[in-house]
Amino acid sequence: MPTLDAEKLKKEIVDSQIWRSIFRGGIWKDTPRDRAAHIVGNVWLHLHPVRVRKRALDWTYSWGLGGISFVLFLILTITGVLLMFYYRPTIGYAYRDIKDLAFAVTLGKLMRNMHRWSAQAMVVAVIAHMARVFYTGGYKKPREFNWGVGVLLLTLTLFLSFTGYLLPWDQLAMWAVTVGTNMAGATPFLGNEGPFGAAMGMHINNDVRFVLLGGTMVGENTLLRFYVLHCVAVPLIVGILLILHFWRVRKDSFSAAPYQAGEEKVEVWPNLIKREYVAMAACLLFIMVWSILMNAPLEAIANPNVTPNPSKAPWYFVGLQELLVYFDPWIAGVLLPGLIIVGLMAIPYVDNNPKGIGTYAWKDRKFANAIFTLGLAMWFILIFIGYACRGPNFFWYWPWESWLTPKAAPPLTWNLFGPDPKWKLFQTPNLSAFPLWIGIPVMLGGFLSWLVLPKLLQKELNGKKLQAAFIGVMLLFITGLKLGLHVPFGSGLWLLFFGYLAFYFGFILPQRYIRSMDWARYLVTMVFVIATMGVLLKMSARLAFNIKYVLTIPTVSLNI
Amino acid sequence: MTEPNTPSSQPNPSQTPQSVQNSPKPAAAAPKSGVSRGEFLWIGWAAMVAFVGGFAAATARFFFPNVIYEPSQKFNAGPLKQYDFGVNTQWLNEERVWVIRNTKGFYVLWARCTHLGCTPNWFGDQHRFKCPCHGSNYTIEGDVIAGPAPRPLWRCKIDVNSKGELIVDKAVLQDLPGLREKVPFFVEYT
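Chain order of the listed sequences is A and B.
At position 534 of the first sequence the residue is numbered 533 (numbering that gives the first Met the number 0), and the sequence of numbers has no breaks.
At position 156 of the second sequence the residue is numbered 155 (numbering that gives the first Met the number 0), and the sequence of numbers has no breaks.
In structure tokens, the structure reads:
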């Protein structure tokens with residue numbers, strides 16, 4: 000009886016004319032030359048270098064996050080194409096088709112689950128990939144441009160999620176998109192409800208929101224527009240940017256770590272390819288198991304007239320939703336997201352610190368790491384608050400509290416600066432304490448002096464003394480508020496907490512670390528730092544003192 | 000018009016086009032229009048930029064539909080006499096309005112939060128509308144008393160037909176105190 004010789008069989012297959020016609024190169028001898036030729040001669044693999052430094056391969060260096068993001072993108076593409084076979088983007092059919100996918104189509108439920116969970120996993124993976132690249136200084140020269148491409152890809156990943164969740168036409172879809180497109184309606188100049196929008200002649204039927212919706216309300220046109228964006232337009236742009244992103248990774252060299260003399264290099268085939276394969280398989284397994292165990296959510300069919308209570312965005316946007324509680328839509332929905340995107344893209348051009356490239360270096364880049372970590376932490380704390388601490392009527396409920404607990408109605412809010420001043424703090428609703436002719440110079444002057452003060456103070460001040468002095472002054476101020484205006488101590492502590500954060504990250508750290516930068520880089524950095532601190536301060540103003548707007552000019556819909 | 004089209008004017012065929020360009024003026028004499036290579040390129044590129052820009056702008060206009068098929072904003076809310084005092088929520092699910100009757104008459108609030116367009120709920124015990132999306136609160140008049148909403152709830156234009164029925168038009172709105180309490184945003188009825 001003939002025995003099956005696996006090795007011999009493999010050799011016969013690999014050396015056969017068919018195999019060799021598919022994979023270029025002569026007889027496979029597994030020499031270094033063969034392995035190099037296998038990378039160079041294969042269209043799918045040739046974006047890799049032939050040899051790569053060993054350090055770049057460490058799991059704990061890259062965590063494979065970029066590759067995992069790409070694998071998830073591929074899973075999304077394949078499952079997405081499959082879902083398109085059964086889905087019709089019309090109000091009459093969309094929700095029913097999703098139901099059919101869940102209950103009447105073989106494997107339909109699994110495909111939809113995989114699509115939904117991969118999308119959420121991709122958001123996590125892309126954010127984690129960005130954080131990894133940041134902490135290893137991977138964006139520094141000559142990789143500034145590729146970091147910018149990456150930021151665009153992150154934005155488009157979120158936009159794909161946003162356009163995707165209208166498609167099931169359930170209540171989540173309806174209200175997420177209603178809120179999202181109304182934010183566009185708050186765009187300055189271009190939206191009918193935004194600052195100066197009315198002055199620009201914007202109406203409900205000619206502004207940027209109208210373009211997004213294809214009408215004046217979320218309806219048939221909106222569903223079709225989002226469908227085309229989600230399935231064709233945006234994936235196309237993402238695909239083009241991905242090619243650019245990968246090509247630049249290759250051209251700018253695979254690892255950011257600076258060369259060491261005589262550093263050993265290993266062959267990409269099989270060392271890197273093997274790792275990529277394992278990451279891909281693990282990723283697919285994870286998504287499949289998750290999709291078998293957990294069904295993608297589907298709420299009741301969309302009702303354009305009634306909003307679920309509470310109504311929450313998907314978790315990655317719930318931080319933005321929480322911001323919208325504290326800020327006017329044009330700030331939380333347009334200005335801050337814009338600043339985040341532009342600010343992230345500006346990082347490589349303002350951070351001219353040559354240290355900390357290719358390693359996780361805390362000591363060498365304290366300022367950059369501190370500000371970036373604060374930003375990330377704020378994003379996820381806001382998500383936590385929105386996701387776990389908000390109950391019916393978007394009222395604050397601690398995670399351990401029942402949503403049936405009766406709550407006192409939220410307190411009345413007032414404005415600090417605005418027209419018709421009352422010259423009195425803590426006023427009745429929607430009235431302003433002080434006039435605009437005080438407010439505008441105070442706000443501008445405060446911003447400008449904060450902007451330049453850390454650099455103008457040429458000598459580094461003693462951080463500990465400064466912090467002690469700040470806390471002392473704040474405690475006196477809080478006590479004064481308590482005694483003079485009967486403001487509760489709890490409110491004072493909120494102010495102290497947020498004020499201290501803003502003082503530490505917005506003044507002490509810039510004073511210590513970026514004082515010596517050139518003016519251009521310094522100013523750009525400070526604008527973004529102050530914007531971040533402004534978010535903290537405005538949140539504390541609302542939480543502690545029920546201030547609705549710091550400054551309001553209702554005639555042009557400008558509220559800050 | 001351009002140099003490549005007038006080879007006869009080249010004094011020396013052996014010269015490269017580059018040297019033709021660089022040669023002194025008399026060499027490029029006779030029927031030429033006087034457009035240099037640099038000018039030609041400028042005009043060409045400008046024309047192309049103008050075309051692409053214009054076409055892009057026109058394509059942007061493509062995204063503004065000229066005809067939209069949306070439901071009518073006008074509806075018949077039935078006889079006035081059927082309504083109780085206070086906030087009537089029976090039209091919320093179909094027409095997204097509250098019909099409010101007070102001792103003087105009727106007004107109709109459009110149930111769209113002025114913050115980002117969610118539908119608030121009426122809480123009669125606390126006498127407030129509360130929005131489920133970002134926590135805005137309104138009085139029965141529609142004025143904001145808490146949360147991020149920038150302006151009061153809109154009131155719809157209302158009218159009474161010959162049968163004593165309330166006709167609501169959600170396309171005509173008013174929220175300014177002083178105007179919103181008057182015709183056509185208020186109907187007197189006792």
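No residue lacks a Cβ here, since even glycine has one placed at the ideal position from N, Cα and C.
Please read all numbers here as calculations on a predicted model, not as lab measurements.
- Assigned with DSSP and collapsed to three states, F195 (chain A) falls in coil, not helix or strand.
- Y137 (chain B) is positioned such that its CB atom lies no closer than 8 Å to that of P149 (chain B).
- Under the three-pair Cβ rule at 8 Å, the stretch 127–142 of chain A counts as touching the stretch 343–353 of chain A.
- Residue environment analysis places F50 (chain B) among the exposed positions, since fewer than 16 neighbouring C-beta atoms fall within 10 angstroms of its C-beta.
- Going by DSSP, V86 (chain B) is part of the beta strand (DSSP E) stretching over 85–87.
- Interface with chain B (8 Å Cβ-Cβ cutoff): Q320 (chain A) is included.
- By the C-beta criterion, the stretch 310–317 of chain A is judged to be in contact with the stretch 385–398 of chain A, since at least 3 inter-stretch pairs fall below 8 Å.
- Against chain A, the beta carbon of T118 (chain B) has neighbours under 7 Å at N304, V305, T306, listed in chain order.
- Residues of the stretch 129–150 of chain B with a Cβ closer than 8 Å to any Cβ of chain A, in chain order: K129, C130, P131, C132, H133, G134, N136, D142, V143, I144, A145, G146, P147, P149, R150.
- Collapsing the DSSP output to three states places N136 (chain B) in a strand.
- Between the stretch 246–260 of chain A and the stretch 142–156 of chain A there are three or more C-beta pairs closer than 8 Å, enough to call the two in contact.
- In this chain, the alpha helix (DSSP H) harbouring L109 (chain A) covers 107–134.
- Contact check between the stretch 141–157 of chain B and the stretch 166–175 of chain B: three or more CB pairs, one atom from each, fall below 8 Å, which counts as touching.
- Listed along chain B are C117, C132, each with a C-beta nearer than 8 Å to that of W174 (chain A).
- For the stretch 54–66 of chain B, the residues whose beta carbon sits under 7 Å from a beta carbon of chain A are, in order, F62, F63, P64.
- Note: L165 (chain B) is bridge-paired with B:V159 in the DSSP secondary-structure output.
- Chain A has a Cβ within less than 8 Å of the Cβ of N92 (chain B).
- F62 (chain B) carries a coil assignment under DSSP once its states are collapsed to helix, strand and coil.
- P409 (chain A) places its beta carbon 8 Å or farther from that of G123 (chain B).
- S431 (chain A): member of the beta strand (DSSP E) spanning 431–433, first to last residue.
- One finds G134, N136, A145, G146 in chain B with Cβ atoms closer than 7 Å to the Cβ of P409 (chain A), taken in chain order.
- For R127 (chain B), the nearest CB of chain A lies under 8 Å from its own CB, placing it at the interface with that chain.
- In the structure shown, the three-state DSSP call for A110 (chain B) is coil.
- Against chain A, a Cβ distance below 8 Å from E69 (chain B) picks out G214, T215, M216, G218.
- Burial check for L292 (chain A): the Cβ neighbour count within 10 Å stays below 16, so the residue is exposed.
- DSSP places P48 (chain A) outside any alpha helix (DSSP H), giving it a letter other than H or E.
- Using a Cβ-Cβ distance cut-off of 8 Å, the stretch 85–97 of chain A and the stretch 167–175 of chain A are in contact, since at least three pairs of beta carbons, one from each stretch, lie closer than that value.
- Using beta-carbon distances, L189 (chain A) does not count as an interface residue toward chain B, since no partner is under 8 Å.
- By the neighbour-count definition (other C-beta atoms within 10 Å, threshold 16), F63 (chain B) is an exposed residue.
- 8 Å or more divides the Cβ of V528 (chain A) from the Cβ of G498 (chain A).
- For V555 (chain A), there is no enclosing beta strand (DSSP E), as DSSP marks it with neither H nor E.
- Here W90 (chain B) is buried: its Cβ has 16 or more other Cβ atoms, across all protein chains shown, within 10 Å.
- With three or more CB-CB distances shorter than 8 Å, the stretch 301–310 of chain A counts as touching the stretch 171–182 of chain A.
- Residue pairing by DSSP places W97 (chain B) opposite B:L108 in a beta bridge.
- Spatial neighbours of R50 (chain A) in its own chain (CB-CB distance under 6 Å, excluding positions within 5 residues in sequence) are listed in chain order as K264, E266.
- Counting along the chain, G77 (chain B) sits inside the beta strand (DSSP E) bounded by residues 73–78.
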